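For any residue, its number in the working numbering is found by taking its place in the sequence shown, counting from 1, and adding 460. All C-beta atoms in this analysis are idealised placements derived from N, C-alpha and C, irrespective of residue type, glycine included. Source: prediction; values computed, not measured.
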Amino acid sequence: MKSTHEKIGRVGVAKYFCTTVCALITVGSAIAFDDESAISQLDAFVLGSQSMEANFSQITSDDNGRLIVRNKGRFWLLRPDKFRWDYDNTEQQIISDGERMYVYDKDLEQLTVRDLDAALSQSPSVALLMSGEKLRNLYNVSAVESDGGVIDWIALHPLVEDAGYEYLELGFSEEQLIALRMEDLLGQKTIIQFDQVEVNVGLDKAIFEFDVPANVDVFYD
Numbered sequence: 461m462k463s464t465h466e467k468i469g470r471v472g473v474a475k476y477f478c479t480t481v482c483a484l485i486t487v488g489s490a491i492a493f494d495d496e497s498a499i500s501q502l503d504a505f506v507l508g509s510q511s512m513e514a515n516f517s518q519i520t521s522d523d524n525g526r527l528i529v530r531n532k533g534r535f536w537l538l539r540p541d542k543f544r545w546d547y548d549n550t551e552q553q554i555i556s557d558g559e560r561m562y563v564y565d566k567d568l569e570q571l572t573v574r575d576l577d578a579a580l581s582q583s584p585s586v587a588l589l590m591s592g593e594k595l596r597n598l599y600n601v602s603a604v605e606s607d608g609g610v611i612d613w614i615a616l617h618p619l620v621e622d623a624g625y626e627y628l629e630l631g632f633s634e635e636q637l638i639a640l641r642m643e644d645l646l647g648q649k650t651i652i653q654f655d656q657v658e659v660n661v662g663l664d665k666a667i668f669e670f671d672v673p674a675n676v677d678v679f680y681d
């Protein structure tokens, strides 16, 4: 039997990536990192990373900082319109096949299907796929004030009112995405850290195909 917090956490994770979950670069502790630098860096990532594969670890906490869920898994990205998140502990998958976004929870036997274009302004995952120009049309892009560390943070604040989250922040070091932070409208915060990142690797498009299992509840959003 899953605890209430576990269920809330898992539904919260799905909400991040369905009604909303990673756009992605450089170090600069010795160089001023301002809004113009943030925009340039985001454009460089979009142009320079046609594919990405990485492990990730994720922590979600409530508005009081209490841990809701801790998880890890594998992430794939293939521009212009495909991504996939596989969660180890919950057997949850979030997949874009280029036309639709699927959020599947095997344990709960639930599947949410959404048109990819409709999710453009509402899902952090879909933000990963956008061109720099499209991102700037839907988000206010700015540099996050440095705390003296080696990570450059880029903040994306959605310009639409129904985005489902307050902000998304992308952390880069040495031209590599290493972290993602976000906060939803209820104050829940999620931190995702990436490791073993590989960029511009050959990915089989079959990775992004999703076959709807039998005997699951399907919701179209």
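Using only alpha-carbon positions, find the residue among the options that is nearest to residue i.
i: Ile-667; options: Arg-534, Leu-595, Val-573 and Ser-521; result: Arg-534
i: Gly-558; options: Asp-577, Val-604 and Glu-551; result: Asp-577
i: Phe-493; options: Ser-602, Val-657 and Leu-598; result: Ser-602
i: Gln-501; options: Asp-622, Gln-636 and Ile-528; result: Gln-636
i: Asp-495; options: Asp-522, Arg-560, Ala-615 and Gly-525; result: Ala-615
i: Ile-499; options: Trp-613, Ala-639 and Leu-640; result: Trp-613
i: Arg-544; options: Leu-645, Ser-585 and Ala-674; result: Ser-585
i: Ala-514; options: Val-659, Glu-551 and Asp-677; result: Val-659
i: Glu-621; options: Leu-598, Ser-606 and Glu-605; result: Leu-598
Whose C-beta lies closer than 7 Å to the C-beta of residue i among residues of the same chain, with five residues either side of it excluded?
i: Leu-507; result: none
i: Asn-600; result: His-617 and Leu-619
i: Tyr-680; result: Val-573
Please go through the same chain and pick out, in chain order, the residues whose beta-carbon is closer than 6 Å to the beta-carbon of residue i, but skip the five residues on each side of it.
i: Ile-611; result: Gly-631 and Ser-633
i: Asn-531; result: Gln-518, Tyr-547 and Asn-549
i: Gly-647; result: Asp-523
i: Gln-552; result: Asp-565
Quick test of your reading: residue i and residue j, contact by CB under 8 Å. State the CB separation rounded to the nearest angstrom.
i: Phe-654; j: Phe-516; result: 5 Å
i: Leu-640; j: Ser-511; result: Contact doesn't hold; Cβ gap of about 18 Å is too wide.
i: Ser-521; j: Lys-649; result: 5 Å
Within 10 angstroms of the Cβ of residue i, are there 16 or more other Cβ atoms? Answer buried if so, exposed if not.
i: Ala-490; result: Its pLDDT being 38, under 50, Ala-490 is placed unreliably by the model, and the measurement read from it follows with that caveat. Label assigned to Ala-490: exposed.
i: Val-672; result: exposed
i: Glu-412; result: Examination of residue 412 is not possible in this model, given that the chain is present from 461 through 681 alone.
i: Tyr-564; result: buried
i: Asp-644; result: buried
i: Leu-595; result: buried
Among the residues of its own chain, which have a CB less than 8 Å from the CB of residue i, if the five just before and after it don't count?
i: Val-657; result: Met-512, Glu-513, Ala-514, Gln-636, Leu-637 and Ile-638
- [ ] Could you say if the segment 581-590 and the segment 535-542 meet the contact criterion of at least three C-beta pairs nearer than 8 Å?
- [x] yes
Task: Cβ contact check for the segment 565-577 and the segment 620-630: 3 or more pairs under 8 Å - done: no
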